[in-house]
Each structure stands twice: as structure tokens, then as C-alpha cells.
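A quick write-up on the structure given underneath.
Numbering (my numbering), first residue to last: 7 to 179.
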């Protein structure tokens with residue numbers, strides 16, 4: 007198994023194919039998921055934004071071979087870190103996982119405002135967090151959506167209202 011920066015740089019500079027990357031990183035190895043999680047935790051502790059980018063990419067690349075819920079704790083931590091630029095991808099992963107332990111992290115992330123997203127007046131990251139909160143579908147999610155539905159930012163407020171309505175409709179059906 008190889009999750010080196012050099013390998014990813016070769017892939018992103020089109021020197022190896024996606025299939026070659028897939029084989030080189032060892033996706034089919036029985037220990038791959040544990041290895042990837044260990045590398046992700048190490049990159050988090052080192053605040054290695056470049057490696058976080060490659061490892062989050064790897065989760066998407068190997069998603070069908072992984073139990074992505076096993077990455078929940080580290081993804082919850084990473085979504086609140088300002089030193090990387092993978093917030094939207096992490097929100098999407100947490101939305102796929104749909105576990106209530108993420109609700110508070112996602113709620114806090116709505117207010118994170120990473121510097122690299124300051125230009126985004128469509129609030130794509132915040133919307134992804136709101137959608138991920140809604141996908142958790144529990145009472146805590148409903149409570150957080152109700153709070154967000156009172157936000158002074160119209161885009162956040164409307165998104166929260168829409169998601170709240172969807173969650174409440176699915177709960178009562």
C-alpha cells in the first residue's frame with residue numbers, strides 16, 4: 007500500500023492512470039481501510055493540508071470498497087479545521103454517512119467561514135452542511151435546522167427551512 011504524495015502528484019500530472027493509482031494505493035488490500043484511516047489521522051495531527059486533499063480524494067476513489075462510516079470521527083474533526091481546503095468534500099462524505107454524531111459538527115461548520123471560501127456568495131459549503139444535517143434525520147437535526155431557519159443570512163435561512171420541511175415530512179409519513 008502506498009499513499010505517498012509523489013504517487014498522487016504523478017496521478018494528477020497525468021503520468022499514471024486512475025487504474026494504476028487504484029492498484030498502487032492498494033485499495034483491494036484487506037488492510038487498506040485501516041491504513042487509510044491511520045494516514046488520515048496522521049495528516050490531521052500534522053495539519054498537512056496537501057495530504058488531507060489526497061486522502062479525501064482517495065476515500066471518494068475507493069468508496070465502494072470502504073465502510074466510510076469508519077472515518078466518521080476524523081471527518082467530524084476535519085470539517086472544523088481551517089488549515090485545509092476540503093470542507094465541501096467532507097460535508098458530502100458526512101452526508102453519505104448520515105450519523106447523528108455529526109450534527110453538532112456540521113452545525114458549527116455552517117459558521118466556520120474558511121478564508122478560501124470567502125468569495126462564495128452562494129454559500130455552497132454551508133448548504134452542503136445543512137443538507138448533511140437534514141440527512142441525519144433525527145430530533146437533534148430538526149432542532150439545528152430550526153435554529154438555522156432563523157439565521158439572518160437569507161440563503162442559509164431558506165436552505166434550512168427547505169431541509170426542515172423535508173425532514174419533518176419524512177418523519178411524519
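Don't be surprised by glycine CBs; every beta carbon is placed ideally from N, CA and C.
query: Closest to residue 94 by CA distance: which of 72, 77, 146 and 135 is it?
result: Considering only alpha carbons, the answer is 135.
- request: Taking residue 106 and residue 82 to be in contact with their CB atoms under 8 Å, please state how far apart those CB atoms are, rounded to whole angstroms.
  value: About 11 Å separates the two Cβ atoms, so there is no contact after all.
- request: Output the residue ranges of the alpha helix (DSSP H) runs that lie fully inside the region 71-152 and measure 4 residues or longer, sorted by chain position.
  value: 78-84, 93-103, 109-116 and 130-142
- prompt: In three-state DSSP terms, what is residue 29?
  reply: helix
task: Tell me, to the nearest whole angstrom, how far the beta carbon of residue 103 is from that of residue 75; I am working on the premise that it is less than 8 Å.
output: Residue 103 to residue 75, Cβ: 5 Å. Contact.
query: Quick one, are the C-beta atoms of residue 65 and residue 99 less than 8 Å apart?
result: Residue 65 places its beta carbon less than 8 Å from that of residue 99.
- prompt: DSSP state of residue 170, grouped into three classes?
  reply: helix
query: By a C-beta neighbour count over all protein chains shown, 10 Å radius and 16 as the cutoff for buried, is residue 15 buried or exposed?
result: The residue is exposed, with fewer than 16 neighbouring Cβ atoms inside 10 Å.
- prompt: Given residue 13, which residues of its chain have a CB within under 6 Å of its CB, disregarding the five upstream and five downstream residues?
  reply: 30
Separation of residue 148 from residue 80, as counted between CA atoms: 24 Å
query: Which whole-angstrom value describes the C-beta separation of residue 138 and residue 112, a residue pair presumed to lie in contact below a C-beta threshold of 8 Å?
result: 5 Å
task: Give the range of the alpha helix (DSSP H) segment to which residue 51 is assigned.
output: 38-52
Cα-Cα separation between residue 84 and residue 142, rounded to whole angstroms: Taking the straight line from one Cα to the other gives about 18 Å.
message: Between 60, 71, 18 and 50, which has its C-alpha nearest residue 33's C-alpha?
response: 71
query: Among residues of its own chain, excluding the 5 on either side of residue 43, which ones have a beta-carbon nearer than 8 Å to its beta-carbon?
result: 76, 77 and 80
field: First and last residue of the uninterrupted alpha helix (DSSP H) at residue 55
entry: 55-67
- request: Tell me whether residue 22 sits in a helix, a strand or coil according to DSSP, three-state version.
  value: coil
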